[in-house]
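A.B. asks: Could you have a look at this structure, given as structure tokens, before my questions?
Residue numbers (the working numbering): 193 to 430.
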């Protein structure tokens, strides 16, 4: 290999990539026309580049396929998660709106109530009815925590709800209670409210004076002449 061949072979990679000036390119081309060995080296270089580019293209194609597959898998996972979340939300809404499980909480007293009363138990009613029923619960709250008035005074203050007040003759110091609205089904002038309560009246020493625990109760309500809801009937299993 003469010196000119050595120079040309050093220049071949740059020549192949069109990275030499015009004069250098003409020099290389003139040498290649007269030198089969260097021409062969150029062909080898071209072959290697083609193989490298083909391999790169193949790898790029494989990468695109893999990326596409991963994207499809992610999309399927997102759809599956979305469906699962939607199903859970639907189930939660149904359980909230139709708490059938409450039948188990009153299973020992179901025979005491008729089918219409039980159907009102397992449907919480409309939001507007539940909001309107809060006025009745506020009346009941006052009765439940009252332990300072006589029987007659409680009757005057709370009407039928006076049964939940603790008359002063019991000598209770304070009352602990919980009152939960289960359902409200109200018409224009009358309706029904299901509640669930526990109550414990205690004396100054913390001893229980009287109380009730985990009692489901059905209240019939009517609007009085002032448009205020009042409890007119209470049904509780004896």
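Backbone N, C-alpha and C define an ideal beta-carbon position, used for all residues, glycine too.
Tell me where the alpha helix (DSSP H) around residue 197 begins and ends.
C.D. replies: Going by DSSP, residue 197 is part of the alpha helix (DSSP H) stretching over 195-208.
A.B. asks: Residue 427 bridges to which residues according to DSSP?
C.D. replies: Paired residue(s): 410.
A.B. asks: Applying the 10 Å Cβ sphere with the 16-neighbour rule, what's the burial state of residue 357?
C.D. replies: Counting the other CB atoms within 10 Å of its CB gives residue 357 a total of 16 or more, which places it among the buried residues.
A.B. asks: Let me confirm a value: residue 261 is counted as buried when at least 16 other C-beta atoms fall within 10 Å, else exposed. Which label applies?
C.D. replies: exposed
A.B. asks: Report, in whole angstroms, the separation of the C-beta atoms of residue 384 and residue 372, which I expect to be a contact under 8 Å.
C.D. replies: Their Cβ separation, rounded to whole angstroms, is 16 Å, which puts residue 384 and residue 372 out of contact at 8 Å.
A.B. asks: By a C-beta neighbour count over all protein chains shown, 10 Å radius and 16 as the cutoff for buried, is residue 290 buried or exposed?
C.D. replies: exposed
A.B. asks: Between which residues of its own chain and residue 309 is the CB-CB distance below 7 Å, once the five residues before and five after are set aside?
C.D. replies: Cβ within range, chain order: 410.
A.B. asks: Would the beta-carbon of residue 421 fall within 8 Å of that of residue 312?
C.D. replies: no
A.B. asks: Just to confirm, is the Cβ distance from residue 295 to residue 302 under 8 Å?
C.D. replies: The beta carbons of residue 295 and residue 302 sit closer together than 8 Å.
A.B. asks: If the criterion is Cβ atoms closer than 8 Å, does the pair residue 341 and residue 363 meet it?
C.D. replies: no
A.B. asks: Return the residue from the list 283, 270, 274 and 320 that minimises the CA-CA distance to residue 380.
C.D. replies: 320
A.B. asks: On the CB-based measure, 16 or more other CB atoms within 10 Å of its CB, does residue 391 come out buried or exposed?
C.D. replies: When all chains shown are included, residue 391 counts as buried.
A.B. asks: Give the DSSP bridge partners of residue 323, in chain order.
C.D. replies: Bridge partners of residue 323: none, in fact.
A.B. asks: Within a Cβ cutoff of 8 Å, which residues of the same chain sit near residue 396, ignoring the five residues on either side of it in sequence?
C.D. replies: Here the set comprises 365.
A.B. asks: Using a Cβ cut-off of 8 Å (strictly closer), state whether residue 305 contacts chain C.
C.D. replies: In the structure shown, chain C cannot be found, because there is only a single protein chain.
A.B. asks: Nearest-angstrom Cα distance between residue 298 and residue 268?
C.D. replies: 44 Å
A.B. asks: Figure out for me which residue from 367, 374 and 240 has the closest Cα to the Cα of residue 333.
C.D. replies: 367
A.B. asks: Does DSSP put residue 403 in a helix, in a strand, or in coil?
C.D. replies: strand
A.B. asks: How big is the Cα-Cα spacing for residue 316 and residue 263?
C.D. replies: Whole-angstrom Cα-Cα distance: 44 Å.
A.B. asks: Using a threshold of 7 Å, is the CB atom of residue 429 nearer than that to any non-hydrogen atom of the ligand SAH?
C.D. replies: Ligands are entirely absent from the displayed structure, and the ligand SAH is therefore not among its contents.
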